[in-house]
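A quick write-up on the structure given underneath.
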Amino acid sequence: MQIETSSHKPSEMTAEASLEIHDLHVRYGRVHALRGISLNVAPGEVVAVLGANGAGKSSLLKALIGLQPTAGGRVRYGGADITDWPPSRRIRSGLVLVPEGRRIVTGLTVHENLQMGAFARADRRAVSAEIDAIFHRFPNLAARRNHAAGVLSGGEQQMLAIGRGLLAAPRLMMLDEPSLGLSPRLTGEVFALLRDLHRERGLSLLLVEQNTHQALALADRAYVLELGRVVVEGAPDQLRADPLLHDAYLGSTERRRNAAS
Amino acid sequence: MSEAPILMLDKVRKNFGGLAVVEDLSFSVRRNVCTGLIGPNGAGKTTVFNLITGVYPIDAGRILLDGADITRVPSRRRIHHGIARNFQNIRLMPHLSAIENVMVGQHCRNSGLFGNLQPVTLSPRNRWREEARAALVEAGLEDYARGAVRGLPYGVQKRIELVRALMAKPRLLLLDEPAAGLNSAETAALRELLARLCRQRGITLLVVEHDMHFVGALCDEVVVLNFGRKIAEGRPEAMRENALVKEAYFGLDSGQGQVCYAN
Numbered sequence: 012m013q014i015e016t017s018s019h020k021p022s023e024m025t026a027e028a029s030l031e032i033h034d035l036h037v038r039y040g041r042v043h044a045l046r047g048i049s050l051n052v053a054p055g056e057v058v059a060v061l062g063a064n065g066a067g068k069s070s071l072l073k074a075l076i077g078l079q080p081t082a083g084g085r086v087r088y089g090g091a092d093i094t095d096w097p098p099s100r101r102i103r104s105g106l107v108l109v110p111e112g113r114r115i116v117t118g119l120t121v122h123e124n125l126q127m128g129a130f131a132r133a134d135r136r137a138v139s140a141e142i143d144a145i146f147h148r149f150p151n152l153a154a155r156r157n158h159a160a161g162v163l164s165g166g167e168q169q170m171l172a173i174g175r176g177l178l179a180a181p182r183l184m185m186l187d188e189p190s191l192g193l194s195p196r197l198t199g200e201v202f203a204l205l206r207d208l209h210r211e212r213g214l215s216l217l218l219v220e221q222n223t224h225q226a227l228a229l230a231d232r233a234y235v236l237e238l239g240r241v242v243v244e245g246a247p248d249q250l251r252a253d254p255l256l257h258d259a260y261l262g263s264t265e266r267r268r269n270a271a272s
Numbered sequence: 636m637s638e639a640p641i642l643m644l645d646k647v648r649k650n651f652g653g654l655a656v657v658e659d660l661s662f663s664v665r666r667n668v669c670t671g672l673i674g675p676n677g678a679g680k681t682t683v684f685n686l687i688t689g690v691y692p693i694d695a696g697r698i699l700l701d702g703a704d705i706t707r708v709p710s711r712r713r714i715h716h717g718i719a720r721n722f723q724n725i726r727l728m729p730h731l732s733a734i735e736n737v738m739v740g741q742h743c744r745n746s747g748l749f750g751n752l753q754p755v756t757l758s759p760r761n762r763w764r765e766e767a768r769a770a771l772v773e774a775g776l777e778d779y780a781r782g783a784v785r786g787l788p789y790g791v792q793k794r795i796e797l798v799r800a801l802m803a804k805p806r807l808l809l810l811d812e813p814a815a816g817l818n819s820a821e822t823a824a825l826r827e828l829l830a831r832l833c834r835q836r837g838i839t840l841l842v843v844e845h846d847m848h849f850v851g852a853l854c855d856e857v858v859v860l861n862f863g864r865k866i867a868e869g870r871p872e873a874m875r876e877n878a879l880v881k882e883a884y885f886g887l888d889s890g891q892g893q894v895c896y897a898n
């Protein structure tokens, strides 16, 4: 299944949009949540960000979409310095966040939630074709298209959040734990969808995920955060071979694979 | 005849509008037998929790706790019968601190005017506050005890909810995706915490969870739902081999072993 490629041209896009983050800081009062993060995502690249709860992963994504004020450092995207851009302008330029914990509008219908994802777009016809493609991909959502989104199960809400993100016509999609609350089967389907989007549209992905095994299987590179700093960066194979990381992030995954065989 | 199960659902049905979301559902949870409730997204797992806790009235059937029919007991009273829970979509009070949120869970253990006032006293050496703090420490959350819970990482808020539920001193604890948002080291720590709680305090767990490694290590029994009906039950390792469960839950596509067991 293919989510149709959008034909619209965002005004502030360059064809080759890379994300470059230099020495980014975020503070919550006295808490120094990000302590000088530098990372980059090349056009068409899939980058995973791993780390324990409290490492700063969600703070990083919130800062990149513009919801969290930064306390130092620069963010460049598509050649422009976007550090001070509001979220709406970032979204129009193709930088889109699928937030943690779904954050759908429970009082609106499923269909309306998807339409909301396209708020910044003018190409109505393409939007409605993409909504159809998402319903085709997620039949559970299609069956409830006119129900209030609040009646969806947790997993269906997660699918809706991803669908809404796609409707914003992302060039670089940032996802904060897309497998949260999904069954093993749906987790597999969501990662298959991300893989398809990456292959078919050249979509870049910045992926925060506790499902280390799935994330590393998809990623070209990964960063590990600890207490607001990047402690390791490398290709998935390098990270899998790192004994320290193995214990914290991969240990039980290996056991699971053995249990499965 | 062994003792009555701690929880029994007997031919329970629930409709939302014209849609049957739980149908003819019967299963039991035996005392001190940690039981998993698994199934595809939308199978009705969270709805079953809402029926057991009385958030929704059931349309047919009975719910028994320790042999006593609680079908008509209102939701707010069920905690006094020893049922506590957490929520899949976190429901903490965002402006309160972790300690204050946990102290909300102590409320049901007080009765009368003075009892009601006790937990809100501001004295820093208050025994209720101390109990809440100790419980957070036991769960490895001491670093997060003081500030507002708004903005704390998802996996941390999830564990604060667990600690709040424990404050009710439940005999039956319903956990909706307790390991969601935790990495594998944090998941292992949570599993040890839960196993210890069950052993030391005699709490029986009913757990909804998608991390099958977690379920396999923690649960002795598993009930599998699909479209609001029970399609299988038994030991976790038997469920992994069950054809119906494989198709509905794990998926049959290539690389299924990795899809199944990777969290």
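For the record, the sequence lines run as chains A and B.
Each residue of the first sequence is one higher than the one before, starting from 12 at the first, in my numbering.
Each residue of the second sequence is one higher than the one before, starting from 636 at the first, in my numbering.
The beta carbon of each residue, even a glycine, is placed where N, CA and C say it ideally should be.
Opposite residue i in the DSSP bridges: which residues?
i	result
residue 46/A	36/A
residue 662/B	644/B
residue 859/B	673/B and 867/B
residue 651/B	654/B
residue 214/A	For residue 214/A, which the question treats as bridged, DSSP gives no partner whatsoever.
residue 240/A	237/A
residue 245/A	233/A
residue 720/B	809/B
residue 843/B	672/B and 811/B
residue 704/B	699/B
residue 219/A	60/A and 187/A
residue 732/B	783/B
residue 120/A	159/A
Between residue i and residue j, what straight-line distance do the alpha-carbon atoms span, to the nearest angstrom?
i	j	result
residue 58/A	residue 229/A	9 Å
residue 743/B	residue 801/B	11 Å
residue 636/B	residue 662/B	Note that residue 636/B scores 46 on pLDDT, short of 50, meaning its location in the model is unreliable; the coordinates nonetheless yield the value given after this. Rounded to whole angstroms, residue 636/B to residue 662/B spans 17 Å at the Cα level.
residue 684/B	residue 190/A	22 Å
residue 791/B	residue 780/B	11 Å
residue 249/A	residue 216/A	20 Å
residue 28/A	residue 84/A	19 Å
residue 99/A	residue 178/A	14 Å
residue 878/B	residue 45/A	47 Å
residue 131/A	residue 97/A	13 Å
residue 193/A	residue 253/A	28 Å
residue 773/B	residue 724/B	23 Å
residue 153/A	residue 237/A	40 Å
residue 722/B	residue 91/A	42 Å
residue 163/A	residue 653/B	15 Å
residue 43/A	residue 120/A	39 Å
residue 224/A	residue 639/B	42 Å
residue 716/B	residue 34/A	54 Å
residue 837/B	residue 728/B	28 Å
residue 93/A	residue 103/A	12 Å
residue 95/A	residue 187/A	22 Å
Among residues of its own chain, excluding the 5 on either side of residue i, which ones have a beta-carbon nearer than 7 Å to its beta-carbon?
i	result
residue 79/A	37, 70 and 73
residue 730/B	783 and 785
residue 149/A	170 and 174
residue 247/A	227, 230 and 233
residue 768/B	734 and 780
Is the separation between the beta-carbon of residue i and that of residue j shorter than 8 Å?
i	j	result
residue 857/B	residue 868/B	yes
residue 111/A	residue 789/B	yes
residue 693/B	residue 647/B	yes
residue 113/A	residue 172/A	yes
residue 582/B	residue 784/B	With chain B covering 636 to 898 only, the question about residue 582/B has no answer from this structure.
residue 185/A	residue 32/A	no
residue 64/A	residue 821/B	yes
residue 859/B	residue 673/B	yes
residue 67/A	residue 245/A	no
residue 196/A	residue 128/A	no
residue 870/B	residue 839/B	no
residue 146/A	residue 135/A	no
residue 846/B	residue 814/B	yes
Among the residues of its own chain, which have a CB less than 8 Å from the CB of residue i, if the five just before and after it don't count?
i	result
residue 656/B	649, 650, 679, 682 and 863
residue 704/B	697 and 698
residue 15/A	Confidence at residue 15/A is low in this model, with a pLDDT of 46, below 50, so its placement is unreliable and no value can be given for it.
residue 776/B	733, 791, 794, 795 and 798
residue 889/B	The predicted model places residue 889/B with a pLDDT of 34, which falls under 50 and marks its position as unreliable; any figure quoted below should be read in that light. No residues qualify anywhere along the chain.
residue 234/A	50, 58, 59, 60, 61, 241, 243 and 244
Suppose the cutoff is 6 Å on Cβ atoms and the five residues either side in sequence are ignored; what does the same chain contact list for residue i look like?
i	result
residue 182/A	28 and 105
residue 659/B	646
residue 809/B	684, 720 and 841
**Asked** Enumerated in chain order, which unbroken segments of the beta strand (DSSP E) with a length of 3 residues or greater are wholly contained in the stretch 48 to 99 of chain A?
**Response** Listed in chain order, the complete beta strand (DSSP E) runs (minimum 3 residues) inside the stretch 48 to 99 of chain A are 57 to 62 and 85 to 88.
**Prompt:** Which runs of the beta strand (DSSP E) fall wholly inside the stretch 184 to 209 of chain A and span at least 3 residues, in chain order?
**Reply:** You should have found no qualifying run.
**Message:** Could you tell me which whole alpha helix (DSSP H) segments of length 4 or greater appear in the stretch 674 to 699 of chain B?
**Reply:** Runs of the alpha helix (DSSP H) inside the stretch 674 to 699 of chain B: 680 to 687.
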